[in-house]
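Beneath this line is the structure, given in structure tokens, with notes to follow.
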Amino acid sequence: MADLKTTPAKTPPREEVKPKKLRPVRRSLWMAIGLLAGFVIYAYGFQVVNVNLDTIGDPVRQGRFANIIRALGSPDLLTYETVATNVDIDFAMPCPADGFTAAASEGGAATISIDPPCADSRGIVTVSGEGFGSNEPINIFFVPPNGIELRVAQVRTNADGVFSTEAQLPNRPDEQVQTIRAKTRERVGSIFNPVYVPTGQTNSETGEEIVLRSPRWSANAEATWRGIIQTIFLALLATTVGTIIAMPLSFLAARNLMSDVRIPVLNVGLAIVALPVGAVLGYAAASGGGGIVDRLPGSALLLGAVTMVLVWLGFRALRFAVPLPDTERPRWLRVGAGLAAAAAFLLASQSAVRFMEIGGAQAASVLGPLAFLGTFVQRLGEIMALVFGVLAGLAAAVALAIFASKLAYAIAKNVGPGMNQVLSVVAVGLAGAAIAVGIGQAIAWMYQIIDTTATVVIPAAIGAVLGVGLGVWGAMRGQLGAGLGIYYIFRTFFNTLRSIEALILALVFVVWVGLGAFAGTLALALHTIAANAKLYSEQVESISSGPLEAVRATGATRLQTVIYAVVPQIVAPFIAFTMYRWDINVRMSTIIGFVGGGGIGLILQQNINQLNYRGAAAQILAIAIVVAAMDYVSSRLRERYV
Amino acid sequence: MTMLRVENLTKVYDDGTVALKDVSFEVPEGQFLAVIGLSGSGKSTLLRCINRLIDPTEGRILWKGEDITAANHEDLRNIRRRIGMVFQNFNLVHRSKVITNVLAGRLGYTSPALSVVNRFSRKDREQAMVSLERVGLAEKANNRSEELSGGQQQRVGIARAMVQDPEMILADEPVASLDPVLAHSIMQYLEAINHDDGVTVLCSLHFLDLVHRYGQRVIALNEGRKVFEGLPSEIDDEMFKEIYGREAERVG
Ligand SMILES: Nc1ncnc2c1ncn2[C@@H]1O[C@H](COP(=O)(O)OP(=O)(O)OP(=O)(O)O)[C@@H](O)[C@H]1O
Ligand SMILES: [Mg+2]
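Those protein sequence lines, which keep their order, are chains C and H. Positions in the first sequence are counted from 1; adding 32 to them yields the working numbering. Positions in the second sequence are counted from 1; adding 21 to them yields the working numbering.
In structure tokens form, the structure reads like this:
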């Protein structure tokens, strides 16, 4: 092969940039200053965070700490039934004139004795016993003839099963012989060998006797279970919603996709003016469609059928509007079919929403224990109804903006360049006015200003002037870097939103929608949107640009380029990041309850506030297990997909 | 008939690099034009200006009488879909199937709405299979592209350009990352497309022997200026030094 050995002709020799060398003395000086600065910084840090070793060493505080640690070792999870063993001995109050000798106590191997054997009201006696289990807690009762036990002392046996304690008796003199009782309680059943204890009470409905399992889950354990389930689903919902919204938006925040989007000035101006018009039209159309559907009788069956027919019609119209490339069809027919399809889908979604609301409620009433499925459908319907107007507005805004852009191309083709520039300046001026009025309205809402001069006229004027300025500048260059503009807007938005911790968002939502897991879900979802959009867009930015340029070169539109060149490259990392986010959200949702966001954190906080450390221990344990499991699962799944 | 006419083309990158300076030339329909020059001389920039992957700073590019530089993005779509492009690094979407990569060549003819649901017409699919067969890779249609060797990937790249039904192909150093034997086989596909289908080809090349073997005409760039235009056989030692610089040595 005729190969080339090429030495480029005029490459200037590279200058090596050498780091400036400091003289040793100055280096030492700088070092000393650095050390001194470090000393001051850490000293100040100690002061502001109150590093106080006294409190760590304080025996009382150490005792509390030990209690918490011990409580962690025995979380409140199980409730045991107990059986009581009574050891009774006769007792006289007041002392009869002829004295009193008790018969020996009864109750198996254990015996108790009283010294003295009788006493006056409020007298003090010594109760001793032997033959009990070792280290057993014992309650001493005074039992008057009516049989109601009055506790007079609490004691624990020693290792030999012996105890002795003083007890002050109550004021219950009686002619009859009374009783002093030592009662021991013993747990029955064990985890591997549970027993069923009849309670003596009957169920008022079935008339059957209530039998309790021992041991069984404690109320705290059940609350923990409900809390952790709530927490997991809170995280799941927040992750899902956040991800669904973040994915499309992340493309707008990816520099490599946006930086070369330059749009002729006229298109930008007309599109911006079209956006709010489209939004209003779409919203109005949605509510109008809702009105039509509301006239229909509220029968789930009918609504379901109507929805299906409309969807079918919509798809037929859509197929007609967007034929396969081989078929030729006049443009106006296609546009008409497209509009018809949009209308059909609009009505279909409205009737679907109504269908879900009505049908869900009906289903819930007949499904019995599965009623939550019906309720879910109903709630989804309600959510869709809520989101629908917004979505329709958004879709119409985008559609109209695209149309405006096409219109701008058509105009540019048909008028001279000078005229085009004039129109561009006018359009951008209008757009500036529209944006400024929007901002003015936001400010008016925020500060509750009602003066329309200040919120409409002045902003419109300022916006128009700025717009015209931008328009003139743009018209001279022909195109505006609209892509970069959008990129910066979204980047800034996401960065700002991301810097607000989910916990703080939760506080805001608690104020808005009230205490509970719903507030937590909204807060986490919002945070997820921002955090994931950032991660996703960075992923999009790191794809290899070669395929992108190759697909672009085939004449693909921007949307097609994204679908065919970007999406295949990011599926795997997107899955990984979503798993990762779910993992983080589970962690987050465990503590979001501390500020009222529901889930297990709420229960944990209540237990800690009530100093119920054994109860809290159960929640801490549950959190640890779930977080560790999630960690494991997500890392395994990530390995699998990436 | 003139297929492509480049008039006073200048490209200055945002950082001030002048990649092309006042370049003008014409390409008649059906010609195989080789573009040569040192690394950094502006070959890639030139080819990318032609289908506006890069926006030129000054000058005009007329393609079949249509001004590409003035085209709006709807016109551009119609122009680009008839100009195939082949890249040094193949630029396949690795994670996608071979057939999907080839079908991407039909995107310029496909409605974006259909692309959202990943639909191509039956005719497109058949055409994609035909061109895969033509480059001898029909049986790899359902493999992931990353599973192919470099030479195979470039053949997929050529198939992708072919399904565009192009009237012109821009090939940016299509064989620079392949070994010499493979290089010839890839160049032969381009030659066949040029010869059998009458497709105009603009191909930048590194090796002079490839230029002699495949090029019908040559333009040479040096630091963004056109320093030579003529037949491959006209590149003598003096011309060679002009193109590649005084210190360059001709090997072989
Ligand atoms: N995106 C860019 N921004 C700034 N300068 C660029 C950019 N792309 C290329 N250049 C510069 O423009 C000049 C021409 O580059 P170009 O890639 O067109 O050369 P080439 O002839 O294709 O080189 P090679 O043979 O190495 O591919 C080079 O100096 C290069 O550094
Ligand atoms: Mg190059």
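Note that the Cβ used here is the ideal one computed from N, Cα and C, for glycine as well. All values derive from a computational prediction rather than experimental measurement.
So for arginine 327/C, helix, strand or coil by DSSP?
Here arginine 327/C sits in helix by DSSP.
Inter-stretch contact at 8 angstroms, needing at least 3 Cβ pairs: the stretch 305–325 of chain C / the stretch 517–528 of chain C
no
Would a check of beta-carbon distances place valine 583/C closer than 7 angstroms to chain H?
yes
Best match in Val194/C, Ala650/C, Ile536/C and Ile655/C for proximity to serine 106/C [C-alpha to C-alpha]:
When each option's Cα is compared against that of serine 106/C, the closest is Ala650/C.
Would a C-beta distance cut-off of 7 angstroms place isoleucine 100/H and threonine 90/H closer than the cut-off?
no
Just to confirm the assignment, what range does the beta strand (DSSP E) spanning aspartate 193/H have?
From DSSP, the beta strand (DSSP E) with aspartate 193/H extends over 189–193.
Leucine 423/C beta carbon less than 7 angstroms from that of tyrosine 310/C:
The sequence shown places glycine at residue 310/C, not tyrosine. Against a cut-off of 7 angstroms, the Cβ pair of leucine 423/C and glycine 310/C comes out as no contact.
Extent of the continuous alpha helix (DSSP H) to which valine 422/C belongs
403–446
Closest by C-alpha distance to asparagine 252/C, when choosing among Asp108/C, Asn82/C and Ala306/C:
Asp108/C
Chain-ordered residues, beta carbon under 7 angstroms from a heavy atom of ligand 2:
Lys64/H, Ser65/H, Gln109/H, Asp193/H, Glu194/H and Ser225/H
Is the Cβ of glycine 578/C closer than 7 angstroms to any Cβ of chain H?
By this cut-off, glycine 578/C is an interface position.
Nonlocal neighbours in the same chain, by C-beta distance under 6 angstroms from glutamine 394/C, ignoring five residues either side
Ala332
May I ask you to report which of helix, strand or coil DSSP gives arginine 81/H?
strand
Give me the Cα-Cα distance between asparagine 167/C and valine 92/C, rounded to the nearest whole angstrom.
Here the alpha carbons of valine 92/C and asparagine 167/C stand approximately 25 angstroms from one another.
Proline 49/H bridges to which residues according to DSSP?
Thr23/H
Is the Cβ-Cβ distance between isoleucine 207/H and glutamine 175/H less than 7 angstroms?
yes
DSSP state of valine 665/C, grouped into three classes?
helix
Please classify arginine 73/H as buried or exposed, where buried requires at least 16 other C-beta atoms within 10 Å of its C-beta.
buried
Does ligand 1 have a heavy atom nearer than 6 angstroms to the CB of aspartate 292/C?
no
For alanine 199/C and threonine 189/C, what's the separation of their Cα atoms in angstroms?
15 angstroms
Which whole runs of the alpha helix (DSSP H) in the stretch 332–388 of chain C are 4 residues long or more, in chain order?
332–353
Report back the beta-carbon spacing between alanine 557/C and valine 184/C to the nearest angstrom; my notes put them in contact at under 8 angstroms.
In this structure alanine 557/C does not touch valine 184/C by the C-beta definition: roughly 59 angstroms separates them, more than the 8 angstroms allowed.
Is any non-hydrogen atom of ligand 3 found closer than 6 angstroms to the C-beta of glycine 61/H, if you look at the structure I gave you?
With respect to ligand 3, the structure offers nothing, as its ligand set consists of ligand 1 and ligand 2.
Closest by CA to serine 667/C, which one among Phe78/C, Ala440/C, Ala428/C and Met611/C?
Met611/C
Taking beta-carbon pairs under 7 angstroms, can you tell me which members of the stretch 100–114 of chain H lie near chain C?
Arg101, Arg102, Met106, Phe108, Asn110, Asn112, Leu113 and Val114
Partner residues on chain H for glycine 274/C, Cβ-Cβ distance less than 8 angstroms
Those within 8 angstroms of glycine 274/C in chain H number zero; the least Cβ separation is about 23 angstroms.
Tell me alanine 677/C's beta-bridge partners as DSSP assigns them.
Residue 677/C lies beyond the range of chain C shown here (33 to 674); nothing can be said about it.
Would you say glycine 129/H reaches chain C, if we count a Cβ-Cβ gap shorter than 7 angstroms as a contact?
yes
Touch test, the stretch 299–306 of chain C against the stretch 364–374 of chain C, Cβ-Cβ under 8 angstroms, three pairs minimum:
no
When every heavy atom of ligand 1 is checked, does at least one fall within less than 6 angstroms of the C-beta of aspartate 36/H?
yes
Taking only beta-carbon atoms, is valine 586/C less than 7 angstroms away from chain H?
According to the sequence provided, residue 586/C is threonine. The question's valine does not apply to it. By this cut-off, threonine 586/C is an interface position.
Just to confirm, is the Cβ distance from arginine 238/H to leucine 41/H under 7 angstroms?
no
Segments assigned alpha helix (DSSP H), at least 4 residues, entirely inside the stretch 176–232 of chain H:
201–218
Helix, strand or coil: how does DSSP classify valine 239/H here?
strand
Taking 6 angstroms as the cut-off, is the C-beta of alanine 40/H nearer than that to any heavy atom in ligand 1?
yes
Count the other C-beta atoms from every protein chain shown that fall within 10 angstroms of the C-beta of threonine 234/C, then say buried if there are 16 or more, exposed otherwise.
exposed
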